[in-house]
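Protein chains in written order, with my numbering: chain A, 109 to 452; chain B, 1408 to 1677. All C-beta atoms, glycine included, are put in the ideal place defined by N, C-alpha and C. The structure presented is a predicted model; accordingly, all values stated were derived computationally and were not measured. These notes are about the structure you will find just below.
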């Protein structure tokens, strides 16, 4: 559906390099990465709003790399909504209709249905400046959908919204995709948003794609230390592998499926086991350490445990912390099951 | 001064405010006092005579006409250029922006001499223009040319600032919805940027109305208001030049009020 081949885009002070990406017809695909990674630049390249330095973009097999934005049939929704302030809600929504003859006549009823479904019927004559964040986002969505785009591009659609509107729009996007089966490419810096909405994701960092795959694959088997950190694997160490063991600077671990080509290991904080006293039965990868810090975050708490010169991050429920009577400086034991050590 | 000493902080703040008020008073007096004096010195009789003087009316009318034409030309040729500067980055842009500001910085008689230098028979361009029947020296065409030269930077800079204040994303969304670049300009940029274009035209007109140095070189006749004020001052003295000056100030004041009206704070562009 959307095929990006070896796309390079250079803008002052930044470059997207050698981007290869494929989004299937009807798929909800998320491009995730931190601020400044180049996510929006990819969206704007697809929409034709920035000039590609090299590479190729195809939509439904048609090469659109050099087509002007108005000839691409791609809808885009920005996080700041970008509503036309001099036009009413109705005129914003109908802005693109005159350029898309196929959307006139019978298809107007589709638009009217969407206006109703998005809860905009009573707002049509209002000025856009008086709308709430959620209403503005719904108008921006209706405006993009009105031209019946082949692809809908969403640029951090939930980021600028209050938490209550965020949930509302998230549900709305979910329903929108389920009902229309439109191909959606969303960029976000929030992994949980992608988790809720997307079928596949790509992680981008400093203008390059680090990993593409299903949510489960990226979440459980990140391919680089950056991706591991981005999906919440807080314990990432450079290692050397030898004889089924992974060696950090001063610790060694039993691992499953050792591979000499791997250079890092990562462990999710919730996969490390903690013992207030030395366990009776022999545990693999058992280390003695001290609690360096307990960071209470309400229902859960993050615990920093110093083992030799290494620091391990664990997550426990706050009630577990109280039951075990844990406090900073206390001597504890941690164990890391070999199957929970992910090598990269 | 220590923040822990509330009295000292109060005195310091009071002194700072007092200095600011004093500065504002001195500047306001410096600008207003000579102007008020000049406006109040002529008698109603002399003002009436000046208003009835066909030469005065013609000179002020010509000033407004030629300045208005300069603003119109600036609008037509300056708008695409201002938009280009606001929206595109290209090699040499800073240099081009500096060139635009040159007419503000160079002495205005020099502007007049420079224009005459290329408009005369001895220059290929002047020769070609004269063969086409376009004469600069001592003509309304010459006046409009020189006033456009000095007024254009004011239009371009104001319109450019106005275009820059419009979020690029609005234009990007418009393009994605199917509008061409020209369609986007007409449906998004122009409705949001027209105020700054009007303000730019008013600034250009105001600047052109007050031009003397370049005008007096290129076209002493037909006589515009600043040249007439100068002529009456040198030939008859202060008393005879003041009524014309007052009427010119009234015209400038009207332009100033229009400028303030059009540049009232706008609603935020989302």
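Proximity winner among the options, relative to residue i (alpha-carbon distances)
i                       : options                        : result
residue 326 of chain A  : A/176, A/308, A/342, A/376     : A/308
residue 1606 of chain B : B/1577, B/1564, B/1494, B/1623 : B/1564
residue 274 of chain A  : A/414, A/187, A/431, A/389     : A/187
residue 196 of chain A  : A/378, A/342, A/228            : A/228
residue 164 of chain A  : A/111, A/139, A/144, A/403     : A/111
residue 176 of chain A  : B/1432, B/1502, B/1589         : B/1589
residue 1544 of chain B : B/1633, B/1444, B/1624         : B/1624
residue 108 of chain A  : A/437, A/139, A/390            : Because chain A is modelled from 109 through 452, residue 108 of chain A falls outside the range shown and cannot be assessed.
residue 378 of chain A  : A/168, A/389, A/410            : A/410
residue 298 of chain A  : A/328, A/260, A/340            : A/340
residue 318 of chain A  : A/119, A/305, A/124            : A/124
residue 402 of chain A  : A/373, A/418, A/436            : A/436
residue 1656 of chain B : B/1638, B/1602, B/1613         : B/1613
residue 156 of chain A  : A/334, A/117, A/405            : A/117
residue 382 of chain A  : A/234, A/343, A/440            : A/440
residue 1592 of chain B : B/1487, B/1508, B/1666         : B/1487
residue 324 of chain A  : A/415, A/310, A/234, A/359     : A/310
residue 190 of chain A  : A/369, A/280, A/236            : A/236
residue 302 of chain A  : A/313, A/282, A/314            : A/282
residue 1621 of chain B : B/1540, B/1664, B/1513         : B/1513
residue 1455 of chain B : B/1550, B/1669, B/1665, B/1653 : B/1653
residue 126 of chain A  : A/109, A/120, A/133, A/146     : A/146
residue 153 of chain A  : A/204, A/136, A/172            : A/172
residue 373 of chain A  : A/306, A/385, A/335            : A/335
Any chain A beta carbon closer than 8 Å to residue i
i                       : result
residue 1676 of chain B : With a pLDDT of 46 at residue 1676 of chain B, under the threshold of 50, the predicted position of this residue should be treated as unreliable, though the coordinate-derived value follows. Yes, because at least one Cβ of chain A sits closer than 8 Å to the Cβ of residue 1676 of chain B.
residue 1580 of chain B : yes
residue 1595 of chain B : yes
Contact with chain B by residue i, beta-carbon distance below 8 Å
i                      : result
residue 124 of chain A : no
residue 192 of chain A : yes
residue 241 of chain A : no
residue 182 of chain A : yes
residue 186 of chain A : yes
residue 265 of chain A : no
residue 120 of chain A : yes
Interface partners of residue i on chain D, CB under 7 Å
i                       : result
residue 1585 of chain B : Annotation note: the requested chain D is absent from the structure, which comprises protein chains A and B.
Should the region 355 to 373 of chain A be regarded as contacting the region 339 to 347 of chain A, the criterion being three or more beta carbon pairs within less than 8 Å?
-> In this structure the region 355 to 373 of chain A touches the region 339 to 347 of chain A; the number of beta carbon pairs closer than 8 Å is three or more.
Take every Cβ of the region 239 to 259 of chain A, pair it with every Cβ of the region 290 to 304 of chain A, and state whether three or more of those distances are shorter than 8 Å.
-> yes
Can you list, in chain order, the residues of the region 138 to 169 of chain A whose Cβ is nearer than 8 Å to any Cβ on chain B?
-> 152, 155, 156, 157
Inter-stretch contact (C-beta, 8 Å, three-pair minimum) for the region 1572 to 1587 of chain B and the region 182 to 201 of chain A = The region 1572 to 1587 of chain B, when compared against the region 182 to 201 of chain A, does touch it at the 8 Å Cβ threshold.
Pick out the complete beta strand (DSSP E) segments inside the region 306 to 337 of chain A, 3 residues or longer, and give them in chain order.
-> 308 to 313, 316 to 322
Which residues, in order along the region 1560 to 1577 of chain B, keep a beta-carbon less than 8 Å from a beta-carbon of chain A?
-> 1574, 1576, 1577
Could I get the ranges of all uninterrupted beta strand (DSSP E) runs contained in the region 150 to 198 of chain A, with 3 residues as the minimum, in chain order?
-> 162 to 167, 182 to 185
Complete runs of the alpha helix (DSSP H) confined to the region 1521 to 1605 of chain B [at least 4 residues] | Runs of the alpha helix (DSSP H) inside the region 1521 to 1605 of chain B: 1531 to 1538, 1547 to 1571, 1575 to 1583, 1588 to 1591.
When Cβ atoms are compared, which residues of the region 1599 to 1615 of chain B fall closer than 8 Å to chain A?
-> 1599
Using a Cβ-Cβ cut-off of less than 8 Å, give me the residues of the region 1494 to 1506 of chain B that come near chain A, in sequence order.
-> 1496
Three or more C-beta pairs below 8 Å linking the region 1550 to 1564 of chain B and the region 1469 to 1478 of chain B = yes
Touch test, the region 408 to 427 of chain A against the region 363 to 370 of chain A, Cβ-Cβ under 8 Å, three pairs minimum | no
Any beta strand (DSSP E) of 3 or more consecutive residues that is wholly inside the region 335 to 388 of chain A = 343 to 346, 348 to 350, 353 to 355, 360 to 362, 372 to 375, 381 to 383
On the three-pair Cβ rule with 8 Å, is the region 1566 to 1578 of chain B touching the region 129 to 145 of chain A?
-> no
Start-end ranges of the beta strand (DSSP E) lying completely within the region 1463 to 1501 of chain B, minimum 3 residues = Segments of the beta strand (DSSP E) lying fully in the region 1463 to 1501 of chain B: there are none.
Where in the region 207 to 283 of chain A do unbroken runs of the beta strand (DSSP E), each at least 3 residues long, occur, reported from the N-terminal end onward?
-> 259 to 263
Inside the region 119 to 148 of chain A only - alpha helix (DSSP H) runs reaching at least 4 residues = none
If we count Cβ pairs, one from each stretch, closer than 8 Å, do we get three or more for the region 1622 to 1638 of chain B versus the region 1456 to 1469 of chain B?
-> Yes, the region 1622 to 1638 of chain B is in contact with the region 1456 to 1469 of chain B.
Pair every Cβ in the region 1532 to 1549 of chain B with every Cβ in the region 1595 to 1611 of chain B, then say whether three or more of these pairs are closer than 8 Å.
-> no
Three-pair Cβ contact test at 8 Å for the region 1509 to 1518 of chain B versus the region 1638 to 1655 of chain B = Result no; under three Cβ-Cβ pairs closer than 8 Å.
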